[in-house]
Structure formats: C-alpha cells, structure tokens
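In the numbering used here, the protein residues as written are 3 to 217.
Next comes the structure, spelled out in structure tokens:
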C-alpha cells in the first residue's frame, strides 16, 4: 500500500508603511500539523513537536542558512513586497469605462444589453420603460473576465416587438458613478435584423454565439 505524505510550506513578509516596521514568517507543516517554524526575533528554528527537534537542531547549527534567511526576510522580501504594492496601487486605481451595445440574434429573440471592457468590476445594469424602472422579464448575467483584465456583463430583456413599438425602453449601465444609457425606440423588424446580408461590423460574438448590434 502507498501512503501519501503532505508537506506544506508557507513564507512571506510584512511591512508597515506608517512605522516602517517589518516582520515575516517561514513555517513547515507535516500532514496537517505544525512541524517547524522560524522565529525571526530570535533567529532560530523552533518546533512544537518532538519529531521536529532533530531538524531544528540541524538548521540552527547552520549559521550561513540563518544569515541567508535573515537577509531575505528583512531586506529582499520587503523590497519585492514594496514593488508589488506600488504596482498594485497603479493597477487598482485605473478606471476604464464600459462599451455598451444592444444586441439581438433575431427580431423575435430577447434583447441583450451588453457592457464590456470596464474596470474595476463593479457595474450595475438596469432597464427602464418610459423613464421608469422596469424589472419584469429581465435576466442579469454573470460577471465575466476579459483576456485583457477588464470585465463584461449582460442583462437580457424579453419584450414583444409590439411593446417596443408602443413604448420607449432603455438600458442604463452605471460604472464608477457614471451612467450610460442606450435607447431603442423602433420596432425590431424596421431595423432589418432578419436580413440575410449582415455587416461584419454589426456582429458580436459572446460565448461563441453570434449577435447583431441594434444600437
């Protein structure tokens, strides 16, 4: 019989940009239990279990290894951490507005309000009928990532062409305090959605399905 053994290693560092105090951790776990860890204040390895005593004794006798660990957690790890934090700040602060389109497969299919290319991910998509909130026969899709790090999301509404003709429906996309509104006032058949000739510029692929832009 084969037995599986699990060895878990965790290490990292912390930096307080107010006090510039640093700290770190380096721990080993064996089969779900703490095995050995590095005490950075005392600069020595410790173990809570007898099985780890021989290991910590061997590592504590290795002065070069302890000095290497001390340099890494007090200097090298902190420098990398500060670089990542700086990069994260510039990345997290960026804002990209969504591109909004009204899409449909055919004149008899539901209308999709598609917002894409926005960052950060928080977005609200709602429908209005004659200037009033409208939530009947509305399905909100999941938030999905794009390959470039931005996001996309859609909301679908089921309305008959007759309802479109007699009412003004609009999709409102809110992102970072700004709102974009797309209107559709014409009956869908007037837009020629069922025409066999389709301009490639009017096509959009979502989850391998073809939609046509109607606004």
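C-beta atoms are modelled at their ideal positions from N, C-alpha and C, and glycine is treated no differently.
Quick caveat, the model's predicted, so the values are computed rather than measured.
Helix, strand or coil at residue 57 according to DSSP, with G and I counted as helix: helix
Contacts around residue 55, its chain only, beta-carbon distance under 7 angstroms, and the 5 residues preceding and following it disregarded: 49
Neighbourhood of residue 41 by C-beta distance below 7 angstroms, restricted to the same chain and skipping five residues each side: 48
Burial state of residue 188 (16 or more Cβ within 10 Å): Per-residue confidence for residue 188 stands at a pLDDT of 48, beneath the threshold of 50, marking its modelled position as unreliable; the derived number appears in the next sentence. Residue 188 should be labelled exposed.
Stretch-stretch touch, CB-based, cutoff 8 angstroms, three pairs: the segment 91-102 with the segment 134-149: no
C-alpha distance - residue 66 paired with residue 11, whole-angstrom precision: 21 angstroms
Through-space distance from residue 122 to residue 179, alpha-carbon basis: 12 angstroms
Distance, residue 106 Cα to residue 155 Cα: 15 angstroms
Residue from 15, 38 and 20 whose Cα sits closest to the Cα of residue 27: 15
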